[in-house]
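This report concerns only the one structure given below.
Numbering (our numbering), first residue to last: 22 to 393.
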C-alpha cells in the first residue's frame, strides 16, 4: 500500500506539558486507521496536527511526499468531521452539503450531481430540503460526513464523531462509517477512547498513552498480542501477573509452571503474563493448575463474570458455567491462552481485579458511617 501521511518525530507541548512525545506514524491510502487511548493521551492533538489546526513544536508532517508543516488547513486535501458536527443551522441539508462546492465556485450542475451522490451514500436521499435542526443526532452526523466527503478529500479526519449518540445508534453508525470508507476509498483517521469501537471498525489501531504510541497493529494483533501491560489492560479485560520465563515456551507464575507458545526471551527473565478472562476454564479444584476461591459472581446475560482469589491476587473469569460465591474451584489454562510480555513502565499497574471488591467495601463502610 502507498503511504499517504507520515508523521516524523512529532512533538507538541501545551504550557510546558508534553502532549506528544516524538511520535512516528505512517498512514496508508484507503486505510481505516484509529487513534485509540484515554483522555489526555494525545490522540486528538495528533489529529489536529494532521489537519493543520495545531502546529507541531518539532518534527515533520508529510502528505503525499510533500512537507505540509506550514500549510493552512484549507489548502490541505484533508477534511474533518468534528464531534459536534459544526453544521450551519440556517441552511437546509442540501445547502450544508453543497457549501464546500459553492465556495470553490463549481458549476450548478456539478454541485447538484455531487450533493445527490453524497446524500445517497449516507442514506439521506429525500432529505434535501429538511432543516438540519429538525434532524436526529445520527442524521446530522450523516450530513456532516456528506459535507466532508463531497469535495473528494484524500483523507477524512473524524474526532470522536459517535460520542454524542446513544448505544444502538452508535453501533449502527460504526457499520455505516466502515461501509462509506470502503465505498469511497478515502483514508479515514478516526479518534476514539472506545476500545470496542476501534476493534470493530479499523484496519489499523494505534494505541496511545502519555503522548506516546504504545502499539500499532490490526485489531486482532492488538487484542491477542499486546506489547505491554497498558495495551493489554486498555484493550478488553486482562489478568496480568508477574512471571519468570524459564526457557522458550515455558513460564512460571502463580506458583505453577506452564507451557506457553512464546519464545525469544532470556532465561529466567522477569515477564508480565497476560491471560484473557474468556480463555480460562473452570475445573474441579483437584484438577486445576491453579486453585482459588470465588469472591463475586455477576450475570451479564451472555456469560458470568467471576472474580477468583488466588493467593491474594484477584483473577477475572468470563464463563457460561455458573459457580457460587465462596466456592473453591480449579483453573485450567491452555498454552496458547498465555501471552508473555517484556516488563515495562506499566508493569504492576494493571491486571488485578481487587478493585472490584475494594470499591464495594469502601462504599459499604461509607454507608455504615452515614447510618451511625
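Using N, Cα and C, we set each Cβ at its ideal position, and we do this for glycine too.
Self-check item: Three-state class that DSSP yields for residue 195 in the structure shown
Solution: helix
Practice problem: Return the CA-CA distance between residue 301 and residue 218, expressed in angstroms with no decimal places. | Solution: 25 Å
Quiz item: Considering only residues of the stretch 265-346, which uninterrupted beta strand (DSSP E) runs meet the minimum length of 3 residues and lie entirely inside it, listed in chain order?
Solution: 271-274, 277-280, 290-296, 301-304, 311-320, 325-331, 334-340
Quiz item: Given residue 210, which residues of its chain have a CB within under 6 Å of its CB, disregarding the five upstream and five downstream residues?
Solution: 54, 178
Self-check item: Top-ranked residue by Cα proximity to residue 215, from 181, 316, 187
Solution: 181
Quiz item: When the Cα atoms are used, what is the spatial distance from residue 345 to residue 374?
Solution: 18 Å
Quiz item: Nearest to residue 284 by CA position, among 278, 272, 108, 276, is which residue?
Solution: 272
Quiz item: Between the stretch 158-177 and the stretch 109-118, do three or more beta carbon pairs fall short of 8 Å?
Solution: yes
Quiz item: Considering only C-alpha positions, which residue in the set 311, 280, 111 is nearest to residue 150?
Solution: For the set 311, 280, 111, the Cα lying nearest the Cα of residue 150 is the one of 111.
Exercise. Take residue 241 as the anchor and find which of 29, 232, 227 has the nearest alpha-carbon.
Key: Considering only alpha carbons, the answer is 227.
Practice problem: State buried or exposed for residue 269, treating a residue as buried only when at least 16 other CB atoms are found within 10 Å of its CB. | Solution: By the 10 Å Cβ count, residue 269 comes out exposed.
Exercise. Give a yes or no on whether the C-beta atoms belonging to residue 234 and residue 352 are separated by under 8 Å.
Key: no
Exercise. Output the distance between the C-alpha atoms of residue 312 and residue 304, rounded to the nearest integer angstrom.
Key: 9 Å
Quiz prompt | Range covered by the alpha helix (DSSP H) that runs through residue 129 | solution = 129-142
Quiz item: Does DSSP put residue 225 in a helix, in a strand, or in coil?
Solution: strand
Quiz item: For residue 289, which option in 82, 364, 212 has the closest C-alpha, if you only look at C-alpha atoms?
Solution: If we check each option's Cα against that of residue 289, 364 comes out closest.
Practice problem: Measure the alpha-carbon distance for residue 286 versus residue 266 and round it to whole angstroms. | Solution: Spanning the two alpha carbons is a distance of roughly 7 Å.
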